[in-house]
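Novice: The listed protein sequences derive, respectively, from chains A and B.
The numbers in the first sequence follow the numbering used here, run straight up by one, and end at 147.
The numbers in the second sequence follow the numbering used here, run straight up by one, and end at 226.
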Amino acid sequence: MGDFVFTSGARLVLFIDAGGFIVTKQGDCGNIDTATLGALAANSFAATQAIAKIIEDHSVSSLYQQGEENSLLILSVGDFGFLAVVFPAAIGVGSVKYYAEDMVGRVVRQLDAARERAPDQGLDLSALNIADAAPLFRRRAAP
Amino acid sequence: MALINQATKEIQLKIVYYGPPQCGKTSNLEKVHAEVEAAPETKGKLTSLATNSDRTLFFDFLPLETAVIRGFKTKFQLFTVPGQVIYNTTRQLVLRGVDGLVFVADSQYEKMEENVQTFNNMIQNLETLNQNLANIPYILQYNKRDLPNAAPVNYLDFLLNNREIEVPSFASSAVKGDGVFETLNMITRMLLHKLLTESGRKAA
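1. With burial defined as no fewer than 16 other Cβ atoms inside 10 Å of the residue's Cβ, what is the status of Tyr131/B: buried or exposed?
2. Starting from the C-beta of Ser12/A, find all residues in its chain whose C-beta is less than 6 angstroms away, skip the five residues before and the five after it, and write them out in chain order.
3. Give me the residue from Leu117/B, Asp121/B, Asn165/B, Val116/B with the minimum Cα distance to Asn137/B.
4. State yes or no: is the beta carbon of Asn74/A nearer than 9 angstroms to at least one beta carbon in chain B?
5. List the DSSP bridge partners of Phe141/B.
6. Rounded C-beta distance between Ile161/B and Ser191/B? I'm assuming under 8 angstroms.
7. Nearest to Gln153/B by CA position, among Met212/B, Phe180/B, Val189/B, Val120/B, is which residue?
8. Take the Cβ of Ala226/B as the centre, count every other Cβ of all protein chains shown within 10 Å, and call the residue buried at 16 or more, exposed below.
9. Counting along the chain, where does the beta strand (DSSP E) carrying Tyr109/B start and finish?
10. Quick check on the burial criterion: 16 or more other C-beta atoms within 10 angstroms. Buried or exposed for Ile108/B?
11. By Cβ distance, which residues of its chain are closer than 7 angstroms to Gly6/A, with the 5 residues on each side in sequence left out?
12. With burial defined as no fewer than 16 other Cβ atoms inside 10 Å of the residue's Cβ, what is the status of Asn50/B: buried or exposed?
13. Starting from Leu151/B, follow the beta strand (DSSP E) in both directions and report where the run begins and ends.
14. Relative to the alpha-carbon of Gly199/B, which residue among Val124/B, Thr219/B, Glu57/B has its alpha-carbon at the smallest distance?
15. Around the Cβ of Asn184/B, are there at least 16 other Cβ atoms within 10 angstroms (buried) or fewer (exposed)?
16. Check distances from the C-beta atoms of the stretch 195 to 206 of chain B to those of chain A and list, in chain order, the residues that come in under 9 angstroms.
17. Excluding the 5 residues flanking Ile209/B on each side, which residues of the same chain have their C-beta closer than 7 angstroms to its C-beta?
18. Taking the alpha helix (DSSP H) that Glu120/A belongs to, which residues open and close that run?
19. Pick from Val197/B, Phe81/B, Ala127/B, Ser75/B: whose alpha carbon is nearest that of Pro45/B?
20. Where does Ala226/B sit, in a helix, a strand or coil, going by DSSP?
21. Out of Pro104/B, Leu100/B, Lys133/B, point me to the one whose CA is closest to Phe203/B's CA.
22. May I have the straight-line CA-CA distance separating Asn176/B from Ser75/B, to the nearest angstrom?
23. DSSP puts Tyr164/B in a beta bridge; with which residues?
24. Below 8 angstroms CB to CB, which residues in the same chain sit around Gln114/B once its five sequence neighbours on both sides are set aside?
25. My assumption, with CB atoms under 8 angstroms, is that Leu178/B sits in contact with Ser129/B. Please give the rounded CB distance.
26. Quick check on this structure: which residue in Gly71/A, Phe49/A, His62/A has the alpha carbon closest to the alpha carbon of Asp21/A?
Next comes the structure, spelled out in structure tokens:
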């Protein structure tokens, strides 16, 4: 993904899972709220896929939003999630898409390899003390 | 599905607030956003995709972060669904990847039919995603308890909490903030418990 940012001239690329979580990111986040961008991009892409089904098209693989300063390209990454690419509007979407599609293939291969490597590997959560009754989120005391 | 990122040492969990129109789903998130005791960098922006009349069009979204597991950041994404029936497709989209559910019921007597219909709609929408409510941690919040025409809690329990396994329920007044944090803390606790149990099962 780092190579892609360098060669395409993109500003930022996010790998987002189907639920809208950021798995990883590369590039210049600047002031961009990536958590919100990820959630909105995932739902926007899911909505586009739902619209496509309604109009009897089942092959939506990308979504392009043209901006004045920055544009956005969202690409499907198989059943893993999405890649959201933020790039300067001065760069043509065709060029970004050309490099991005190559990256999608590489990401899918990496994820397939990871799945085969440890399909059932769990996480050691022994440090999590569920018996601790302290609330995770507290209401701020009134002034 | 919970996302556990070994590279960034993060656990990410998605909680969806579901319920009939104008039951107080958005009010829950607004109250959490306004009153949670948190460092600025651990509380995200509340994003609402709403109509001109402040009705939820797609969803509300609030990211929150906390540290409960040594070495791991735990991030929660709180979503609401639109209550209006015409937005059922968008409800299904928001449910994708859900880890835990808060069903917000409107306690007013005249809303009981809508509560039950929306609860059944939630089950159906989960089924379209090949999900079963029995496998997802969920709790009930009986909201608008401050209104004079609120039905008794045991009546709401009879209508909504009368399944094989009884789930925790909370009386609330979301606009006042009563019951909001109790609800959030219970669902996060249930999610972490499930994560811990599944992790133990995999490790065994």
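Glycine residues also receive a C-beta, built at the ideal position from the N, C-alpha and C atoms.
Specialist: The short version:
1. exposed
2. Val100, Tyr103
3. Asn165/B
4. no
5. Its beta-bridge partners do not exist; DSSP assigns none.
6. 7 angstroms
7. Val120/B
8. Any reading at Ala226/B must be qualified, since the residue scores a pLDDT of 49, below 50, and its modelled position is unreliable; no value is offered.
9. Unbroken run through Tyr109/B: none, as it is neither H nor E.
10. exposed
11. Gln30
12. buried
13. Run containing Leu151/B: none; DSSP gives neither H nor E here.
14. Glu57/B
15. exposed
16. Gly199, Val202, Phe203, Glu204, Leu206
17. Ile37, Gly122, Val124, Pro159, Ile161
18. 97 to 121
19. Note on identity: in this sequence residue 45/B is Cys, with Pro being the wrong assignment. Cys45/B has its Cα closest to that of Ala127/B, out of Val197/B, Phe81/B, Ala127/B, Ser75/B.
20. For Ala226/B, the predicted structure reports a pLDDT of 49, less than 50, and the residue's modelled location is therefore unreliable. The matter cannot be settled from this model.
21. Leu100/B
22. 34 angstroms
23. Ala127/B, Ala193/B
24. Asn147, Thr150, Leu151
25. 7 angstroms
26. Phe49/A
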